[in-house]
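Only one structure is covered here, and it is reproduced in the block below.
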Amino acid sequence: MLKINGIKKGIVIDHIKAGSGYKIFKELKLDEADCTTALIKNAPSNKLGKKDLIKIDNVIDINLDVLGLIDPGLTITIIDDEKIVDKIKLSLPKKVVGILKCKNPRCVTTIEKNEEITFTLVNAEKKEYKCEYCDTRTSL
Amino acid sequence: MLKGKHLIEPSDFTVNELEEIFTLADDIIQDPNKYLDACKGKLLATLFYEPSTRTRFSFEAAMLRLGGQVFGFSEASSSSVSKGESISDTIRVVGCYADIAVMRHPKEGAPKLASKYSDIPVINAGDGGHQHPTQTLTDLLTIRSYKKSFSNNVIGLCGDLKFGRTVHSLVKALSRYENIKFVFIAPPELKIPSYITEELTNHEFYQTSNLEEAIPELDILYMTRIQKERFFNEEEYLRLKGYYKLDHDKLNNAKDDMIILHPLPRVDEISPEIDNDKRAVYFNQAKYGMYVRMALILKLLGGDIIC
Numbered sequence: 005m006l007k008i009n010g011i012k013k014g015i016v017i018d019h020i021k022a023g024s025g026y027k028i029f030k031e032l033k034l035d036e037a038d039c040t041t042a043l044i045k046n047a048p049s050n051k052l053g054k055k056d057l058i059k060i061d062n063v064i065d066i067n068l069d070v071l072g073l074i075d076p077g078l079t080i081t082i083i084d085d086e087k088i089v090d091k092i093k094l095s096l097p098k099k100v101v102g103i104l105k106c107k108n109p110r111c112v113t114t115i116e117k118n119e120e121i122t123f124t125l126v127n128a129e130k131k132e133y134k135c136e137y138c139d140t141r142t143s144l
Numbered sequence: 028m029l030k031g032k033h034l035i036e037p038s039d040f041t042v043n044e045l046e047e048i049f050t051l052a053d054d055i056i057q058d059p060n061k062y063l064d065a066c067k068g069k070l071l072a073t074l075f076y077e078p079s080t081r082t083r084f085s086f087e088a089a090m091l092r093l094g095g096q097v098f099g100f101s102e103a104s105s106s107s108v109s110k111g112e113s114i115s116d117t118i119r120v121v122g123c124y125a126d127i128a129v130m131r132h133p134k135e136g137a138p139k140l141a142s143k144y145s146d147i148p149v150i151n152a153g154d155g156g157h158q159h160p161t162q163t164l165t166d167l168l169t170i171r172s173y174k175k176s177f178s179n180n181v182i183g184l185c186g187d188l189k190f191g192r193t194v195h196s197l198v199k200a201l202s203r204y205e206n207i208k209f210v211f212i213a214p215p216e217l218k219i220p221s222y223i224t225e226e227l228t229n230h231e232f233y234q235t236s237n238l239e240e241a242i243p244e245l246d247i248l249y250m251t252r253i254q255k256e257r258f259f260n261e262e263e264y265l266r267l268k269g270y271y272k273l274d275h276d277k278l279n280n281a282k283d284d285m286i287i288l289h290p291l292p293r294v295d296e297i298s299p300e301i302d303n304d305k306r307a308v309y310f311n312q313a314k315y316g317m318y319v320r321m322a323l324i325l326k327l328l329g330g331d332i333i334c
C-alpha cells in the first residue's frame, strides 16, 4: 500500500466509500487549503473491500452535515500529538440547511433564490429528505 | 389562543383549535348580525399572485361581513412582482399597512416563506399543487354540519389527486380523526402522491381508478376538477379532463345519505343534472367557506370575544 506519513495534529477521514473521496475533498475545499492534505483512493479495506481516505495535517472546521450526506458510513479521527483524541461516527443528519436544493420546479425556492432551505430527513433507509416549503422529497 | 398565528397548512392548528374555529363559525351562521362590526377598523390584504375569483371573493366577503376592509391585487402582473420584488419584501411592506394577509401563489411554499418574514398573520389561500388549508376548513365545516362527526366515515376523493392541493390538505386534516377510511379514485397519471399515503399509518385506504365500483361504500364523495393550469403538456390535459363525470346513473348506486363535495369551480366532472339532488352540497359548501373564513379571520385577529 502507498505510504503516507503519519500526522502530528490533524484529521483523518476514513472508511470513505471508494469513489467518494474526491467529492468530499472538493466539498471541504481541501484543494484550496494551505496545510498538507492527502487523498488516498482505492485503498484495501477489510470492511469495504476498497475505500478512500483523507488526511489533513491541521485541525480545521468540517461540515459534518455535508459529510453525512455524501457518505454517512465514514469515520473521522481527530489526532493531537500523534494520538487519537476523538473519533466521530457519522450518520445521516436529521436536518440539513443550505446544502440541498429542491428539485420541484413549482417550489417557491426556484424564484426566491436567497433562501437557505432546510431539508428534514423523512426516510433514512431511502436517504430521503423533505423540503421545508413544498414537502417534495429529494433522494440522495 | 390563535391570535397572531399563521395558517399555512391544516396541521398548523390543533384539533381543538380547529374545533374553536368551527364553533365560532356555527355561531356566526346562527346570528351573523352579531358580528357586523367585529373587525371594524381592520384591514385584510389579499395578495393573489394568480387569479382565483372564488377564494378571493370568499375572503373579501368574509372580511366585509365582519365590518373590516380589504385591499390587494388579483394577479402578479398588477403588483410589484412585475418589477422583480421578492415575496419576503412584499410581505414586510404589506405588514406595514394591513392587519392580516391572505396569499394565493402558484409556487408551492410561497405563503410559508412569507410567514417567516411577516409580523402579521398570513393565511395560505392555495400554493401551487401543494396546500389549500382554508378550503380544508370549508370542507371540514361542511362535513361536520352534514355528518355531525368526522369519525366513522368512508371518504372517496376523486379526480386530480396528484396536483389537487385541496385533497392533500383534506386528507392530512382528516387523518387526525379516528376510524376514517380513504378511497383514492384517480387515473394512474394523477394518483395521490406517496408522501401523503405514507402518512396514513393509522387509517385504512385503497386506490382505484374506478368511481362506479367505489361509490356504493362512500359516505362522502369529494370530486375535484382536472386542473388545466397544473399541466405542462396540453395534450395530456385534454386526454384526462373528461375521465370522470358524476351523473344520475352513477349516483343510483350511492348511499342515500352520501354527500357530494367539490371545491369548485367545476368543469364537467359533475353533471348539472344532479345539482338538485339532496346529496349535492357543493354550493352550500361555498357558503360554509365564507363563514369559516370569517371565523378564521376573527380568531387570528384575536377578536372572537363575541362568541
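First to last, the protein sequences are chains A and B. Going by our numbering, the first residue of the first sequence is number 5, and it counts up by one from there. Going by our numbering, the first residue of the second sequence is number 28, and it counts up by one from there. The beta carbon of each residue, even a glycine, is placed where N, CA and C say it ideally should be. Predicted model only: the values in this text are computed from it and were never measured.
Step through the CB atoms of chain A and report whether any lies within less than 8 Å of the CB of Ile-150(B). With 8 Å as the cut-off, Ile-150(B) does not count as an interface residue toward chain A.
Taking the alpha helix (DSSP H) that Lys-174(B) belongs to, which residues open and close that run? 160-174
Between which two residues does the alpha helix (DSSP H) carrying Thr-193(B) extend? 192-201
Quick one: what's got a C-beta closer than 6 Å to Cys-334(B)'s C-beta in the same chain, skipping five residues either side? With a pLDDT of 46 at Cys-334(B), under the threshold of 50, the modelled position of this residue cannot be trusted, and the question is left open.
Quick one: is Ile-115(A) near chain B, going by C-beta distance under 8 Å? yes
Alpha-carbon spacing of Pro-37(B) relative to Lys-268(B), whole angstroms: Straight-line measurement puts the Cα of Lys-268(B) at about 28 Å from the Cα of Pro-37(B).
Should Tyr-133(A) be flagged as near chain B, meaning a C-beta pair shorter than 8 Å? no
Is DSSP giving Ile-324(B) helix, strand or coil here? helix
Apart from the five residues on each side of it in sequence, which residues of its chain come closer than 6 Å, Cβ to Cβ, to Asp-146(B)? Gly-122
Ends of the beta strand (DSSP E) at Cys-185(B)? 180-185
Proximity winner among Gln-96(B), Cys-66(B), Asp-283(B), relative to Glu-244(B) (alpha-carbon distances): Asp-283(B)
Neighbour flag for Tyr-26(A) against chain B, beta carbons, 8 Å: So no, Tyr-26(A) is outside the interface.
Under 8 Å between C-beta atoms, does Asn-108(A) make it to chain B? Contact with chain B is found for Asn-108(A), since one of that chain's Cβ atoms lies less than 8 Å from the residue's Cβ.
Distance cutoff 8 Å, beta carbons only. Does Val-112(A) sit that close to anything in chain B? yes
Identify, in the order they occur along the chain, each residue of the same chain with its Cβ nearer than 6 Å to the Cβ of Ile-150(B), setting aside the five sequence neighbours on each side. Leu-34, Val-129
Buried or exposed: where does Met-321(B) fall if 16 or more other Cβ atoms within 10 Å of its Cβ makes it buried? buried
Would you please verify whether the beta carbon of Tyr-271(B) is less than 8 Å from any beta carbon of chain A? Judged by the 8 Å Cβ criterion, Tyr-271(B) is not in contact with chain A.
Straight-line CA distance for Ile-324(B) to Pro-133(B)? 23 Å
In angstroms, rounded to a whole number, what distance separates the CA positions of Pro-290(B) and Met-250(B)? Taking the straight line from one Cα to the other gives about 8 Å.
Alpha carbon of Ile-247(B) to alpha carbon of Gln-57(B), nearest angstrom: Note on geometry: alpha-carbon atoms of Ile-247(B) and Gln-57(B) lie some 25 Å from one another.
So is Ala-128(A) buried or exposed if we call it buried at 16+ other beta carbons inside 10 Å? exposed
For Tyr-173(B) and Leu-167(B), what's the separation of their Cα atoms in angstroms? Taking the straight line from one Cα to the other gives about 10 Å.
Any beta carbon of chain A sitting closer than 8 Å to that of Cys-334(B)? Confidence is the limiting factor: at Cys-334(B) the pLDDT is only 46, short of 50, which leaves the residue's position unreliable and the question unanswerable from this model.
Does at least one heavy atom of the ligand GTP sit under 7 Å from the Cβ of His-195(B)? Judged by which ligands are present, the structure shown has none, so any question about the ligand GTP falls away.
Skipping 5 residues on each side, what residues in its chain have a beta carbon closer than 7 Å to that of Tyr-204(B)? Phe-177, Ser-178
Alpha-carbon to alpha-carbon, Val-101(A) and Thr-114(A): 16 Å
For the stretch 135-148 of chain B, which residues have a CB atom closer than 8 Å to at least one CB atom of chain A, in sequence order? Cβ contacts with chain A come from Glu-135, Gly-136, Ala-137, Lys-139, Leu-140.
With a CB to CB cut of under 6 Å and the five nearest residues on each side skipped, what residues in its chain are close to Glu-102(B)? Pro-78
The beta strand (DSSP E) with Glu-239(B) in it runs from where to where? That residue, Glu-239(B), is in no beta strand (DSSP E); its alpha helix (DSSP H) goes 238-241.
Taking 8 Å as the threshold (beta carbon to beta carbon), is Tyr-264(B) in contact with chain A? No, no contact with chain A.
Is Met-90(B) helix, strand or coil when you go by DSSP? Three-state result, Met-90(B): helix.
With distances taken from CA atoms, which of Ile-28(A), Asp-61(A), Ser-95(A) is nearest Asp-38(A)? Asp-61(A)
DSSP beta-bridge partners of Leu-78(A): Leu-78(A) is not bridged to any residue.
Give me the DSSP bridge partner(s) of Arg-162(A). Absent from the model: residue 162(A). The displayed extent of chain A is 5 to 144, so no value can be given.
Which listed residue (Arg-92(B), Gln-234(B), Glu-261(B)) has its alpha carbon closest to that of Cys-185(B): Cα-wise, what sits closest to Cys-185(B) is Gln-234(B).
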